[in-house]
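Chemist: Residue numbering for the sequence shown follows this note's numbering, beginning at 1429 and increasing consecutively.
Backbone N, C-alpha and C define an ideal beta-carbon position, used for all residues, glycine too.
Supplied in structure tokens, the structure appears directly below.
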Amino acid sequence: MSATKAATVTEEPSVYQQLREHLAYLQMTAAAEHLAPVLDRALKERVSATQVLEELLGIEVEATKARRQRGRLRFARYPVHKTLAEFDFDFQPGVDRRVVAELSTLRFVEEKRNVILLGPPGVGKSHLAIALGVAATDAGYRTYFTSAADMVSALQTAHLEGTAAYRMRTYLGPSVLVIDELGYLPLDQASANWIFQVVSRRYERGSIVLTSNRGFGDWNQVFADAVVAGAIVDRLLHTATVMNIRGASYRARAYTAKQKLKGGGAMVA
Ligand code: ADP
Ligand code: MG
């Protein structure tokens, strides 16, 4: 402990104490924790009052930002944490890096455009969808992740309980709604209507990032009702970025690599 710090505290013990109490009352925990060292350094290095305040509040702002970011991530309910940096573009040449780079600027969120990721299982649709959502969350946007099936069943249950309007806010409020796995199971008329409700009410108000293993041509079968399917596709596609990923499954790559090694042994030797 330095002599200067002791001097601050002993010269103005009541003011120092008061300051700590103010910070505690305002729940500025990070600033409170750093108060002594910041004052200590300020005395030693003859830092101005403006600088001291800036440093102390800066510490609190950083801590608050980090806390809010964690809160937004918790709220968004991503099943796993994925980032764009973790995506191996060399493995999946079907994914255009430039398109992903453009999306990573998050202009699509600002412009309330949608992103549709289509392709067979394992090609990285969910990874990219989550990573875009996480990027938006990091940038300060409120986002929410759901599978299509979960969203439909939550809305249906809420409807039966008379709370559909309230539940709907979960899907309409966030700037980005990630809807994963549309089309894995065929949807009945009521389910299709819930999807239509969400898609049409978010239309031009907030982005949807959607993944599906079915091409648009198959959506009639997914929705059982061609008119509703058409209305959904129409709204989703208007100003959407569509990525049709045709490639190998990343999940199967370890297996494929092993097979190649086995089969290719003779050739290598
Ligand atoms: P899909 O949703 O298309 O079925 P996923 O996104 O769930 O596929 O991908 C399956 C797994 O493989 C996930 O763990 C994902 O992170 C990983 N993965 C897929 N593609 C890539 C890639 N190009 N680079 C890195 N990891 C990938
Ligand atoms: Mg998936």
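Among the residues of its own chain, which have a CB less than 6 Å from the CB of residue 1679, if the five just before and after it don't count?
Modeler: On the sequence shown, position 251 is the one that residue 1679 refers to. 1550.
Chemist: Hey, could you find the ends of the beta strand (DSSP E) residue 1572 is sitting in?
Modeler: Position 144 of the sequence shown, counted from the first residue, corresponds to residue 1572. Residue 1572 -> beta strand (DSSP E) spans 1571–1575.
Chemist: Given this structure, state the Cα-to-Cα distance separating residue 1693 from residue 1677, to the nearest angstrom.
Modeler: Indexing the sequence shown from 1 puts residue 1693 at position 265. Indexing the sequence shown from 1 puts residue 1677 at position 249. Any answer about residue 1693 is weak, because its pLDDT of 42 lies below 50 and its placement is not dependable; what the coordinates show is given next. Roughly 23 Å between the two C-alpha positions.
Chemist: Output the distance between the C-alpha atoms of residue 1617 and residue 1505, rounded to the nearest integer angstrom.
Modeler: Here residue 1617 refers to the residue found at position 189 when the sequence shown is read from its first residue. Here residue 1505 refers to the residue found at position 77 when the sequence shown is read from its first residue. Their Cα atoms are separated by approximately 27 Å.
Chemist: Is it the case that the CB of residue 1554 approaches a heavy atom of ligand 2 more closely than 6 Å?
Modeler: Taking the sequence shown and counting its residues from 1, the one referred to as residue 1554 is at position 126. Answer for residue 1554: yes, Cβ within range of ligand 2.
Chemist: Please report the distance separating the alpha-carbon of residue 1695 from that of residue 1515.
Modeler: By 1-based counting over the sequence shown, the position of residue 1695 is 267. By 1-based counting over the sequence shown, the position of residue 1515 is 87. Reliability of the predicted coordinates at residue 1695 is poor, the pLDDT of 40 falling under 50, and the value obtained from them is presented with this limitation in mind. One C-alpha to the other measures close to 31 Å.
Chemist: Could you check which residue in 1615, 1623, 1477 and 1485 has the C-alpha nearest to that of residue 1599?
Modeler: Your numbering for residue 1599 matches position 171 in the sequence shown. It is 1623.
Chemist: Please state whether the Cβ-Cβ distance between residue 1727 and residue 1604 is less than 7 Å.
Modeler: In the structure as shown, the chain begins at 1429 and stops at 1697. Residue 1727 is therefore absent and cannot be evaluated.
Chemist: Report the residue ranges of all alpha helix (DSSP H) runs contained in full by the segment 1534–1579; include only those spanning at least 4 residues, in chain order.
Modeler: Correct list: 1535–1538 and 1553–1566.
Chemist: Tell me whether residue 1678 counts as near ligand 1, meaning its Cβ is closer than 6 Å to at least one heavy atom of that ligand.
Modeler: Here residue 1678 is taken as the residue at index 250 of the sequence shown, counted from 1. Yes, the Cβ of residue 1678 comes within 6 Å of a heavy atom of ligand 1.
Chemist: Drop a sphere of 10 angstroms on the beta-carbon of residue 1697, count the other beta-carbons inside from all chains shown, and report buried for 16 or more, exposed for fewer.
Modeler: Within the sequence shown, residue 1697 is the residue found at index 269, counting from 1. Caution is warranted here: a pLDDT of 34 is assigned to residue 1697, below 50, making its placement in the model unreliable, and the coordinate value is therefore given only provisionally. Looking at its Cβ environment, which holds fewer than 16 other Cβ atoms inside 10 Å, residue 1697 is exposed.
Chemist: Measuring straight from C-alpha to C-alpha, what distance separates residue 1687 and residue 1552?
Modeler: On the sequence shown, position 259 is the one that residue 1687 refers to. On the sequence shown, position 124 is the one that residue 1552 refers to. If you take the alpha carbons of residue 1687 and residue 1552, they lie about 22 Å apart.
Chemist: Could you check whether the Cβ of residue 1573 sits closer than 6 Å to any heavy atom belonging to ligand 1?
Modeler: The count along the sequence shown starts at 1 and reaches residue 1573 at position 145. No, ligand 1 has no heavy atom inside 6 Å of this Cβ.
Chemist: Strictly by DSSP, which residues pair up with residue 1640?
Modeler: Numbered from 1 along the sequence shown, position 212 holds the residue referred to as residue 1640. For residue 1640, which the question treats as bridged, DSSP gives the partners 1546 and 1610.
Chemist: Sorted by chain position, which residues of the same chain lie with C-beta nearer than 8 Å to residue 1577's C-beta, five sequence neighbours on each side aside?
Modeler: The residue given as residue 1577 occupies position 149 in the sequence shown. Excluding positions up to five away in sequence, the list reads 1609, 1612 and 1613.
Chemist: Figure out for me which residue from 1619, 1640 and 1643 has the closest Cα to the Cα of residue 1653.
Modeler: Residue numbering aside, residue 1653 sits at position 225 when the sequence shown is read from its first letter. Checking every option, the nearest Cα to that of residue 1653 belongs to 1619.
Chemist: Looking at C-alpha atoms only, which residue of 1523, 1557, 1496 and 1540 is the closest neighbour of residue 1568?
Modeler: Translated into the one-based positions of the sequence shown, residue 1568 becomes position 140. Out of 1523, 1557, 1496 and 1540, 1496 has the C-alpha closest to the C-alpha of residue 1568.
Chemist: Report yes if the CB atom of residue 1675 is closer than 7 Å to the CB atom of residue 1522, and no otherwise.
Modeler: As a working mapping, residue 1675 is identified with position 247 in the sequence shown. As a working mapping, residue 1522 is identified with position 94 in the sequence shown. Yes, they are a contact pair.
Chemist: Which residues mark the beginning and the end of the beta strand (DSSP E) in which residue 1671 is found?
Modeler: On the sequence shown, residue 1671 is found 243 positions in, with the first residue counted as 1. 1668–1672 is the extent of the beta strand (DSSP E) around residue 1671.
Chemist: Do you know whose CA, among 1615, 1631 and 1447, lies nearest residue 1581's CA?
Modeler: As a first step, residue 1581 must be located in the sequence shown, where it is residue number 153. Residue 1615 is the option with its Cα nearest to residue 1581.
Chemist: The alpha helix (DSSP H) spanning residue 1491 covers which residue range?
Modeler: As a working mapping, residue 1491 is identified with position 63 in the sequence shown. Start and end: 1477–1504.
Chemist: Going by beta-carbon coordinates alone, are residue 1661 and residue 1647 separated by less than 7 Å?
Modeler: Here residue 1661 refers to the residue found at position 233 of the sequence shown. Here residue 1647 refers to the residue found at position 219 of the sequence shown. Closer than 7 Å, so yes.
Chemist: Rounded to whole angstroms, how far is the Cβ of residue 1639 from the Cβ of residue 1554, which I believe are closer than 8 Å?
Modeler: Counting from 1 along the sequence shown, the entry for residue 1639 is found at position 211. Counting from 1 along the sequence shown, the entry for residue 1554 is found at position 126. 6 Å between Cβ atoms; contact.
Chemist: Measure the beta-carbon distance from residue 1528 to residue 1512 and round it to whole angstroms, keeping in mind my assumption that it falls under 8 Å.
Modeler: If you number the sequence shown from 1, residue 1528 lands on position 100. If you number the sequence shown from 1, residue 1512 lands on position 84. Their Cβ separation, rounded to whole angstroms, is 6 Å, which keeps residue 1528 and residue 1512 in contact under 8 Å.
Chemist: List the whole-angstrom C-beta distance separating residue 1489 from residue 1466, where the pair is believed to meet the contact cut-off of C-beta under 8 Å.
Modeler: Start at 1 with the first residue of the sequence shown, and residue 1489 comes out as number 61. Start at 1 with the first residue of the sequence shown, and residue 1466 comes out as number 38. With 8 Å as the limit, residue 1489 and residue 1466 do not qualify as a contact, their Cβ atoms being about 14 Å apart.
Chemist: Quick one, are the C-beta atoms of residue 1500 and residue 1574 less than 7 Å apart?
Modeler: Sequence index remark: in the sequence shown, residue 1500 carries index 72 (1-based). Sequence index remark: in the sequence shown, residue 1574 carries index 146 (1-based). Result no, Cβ atoms of residue 1500 and residue 1574 do not sit closer than 7 Å.
Chemist: Using only the heavy atoms of ligand 1, determine whether one of them is closer than 6 Å to the beta carbon of residue 1561.
Modeler: In the sequence shown, counting from the first residue as 1, residue 1561 sits at position 133. Residue 1561 Cβ: outside cutoff for every heavy atom of ligand 1.
Chemist: Can you find the residues in the same chain that come closer than 8 Å, C-beta to C-beta, to residue 1643, ignoring five residues on each side of it along the sequence?
Modeler: By 1-based counting over the sequence shown, the position of residue 1643 is 215. Cβ neighbours of residue 1643 beyond the five flanking positions: 1546 and 1672.
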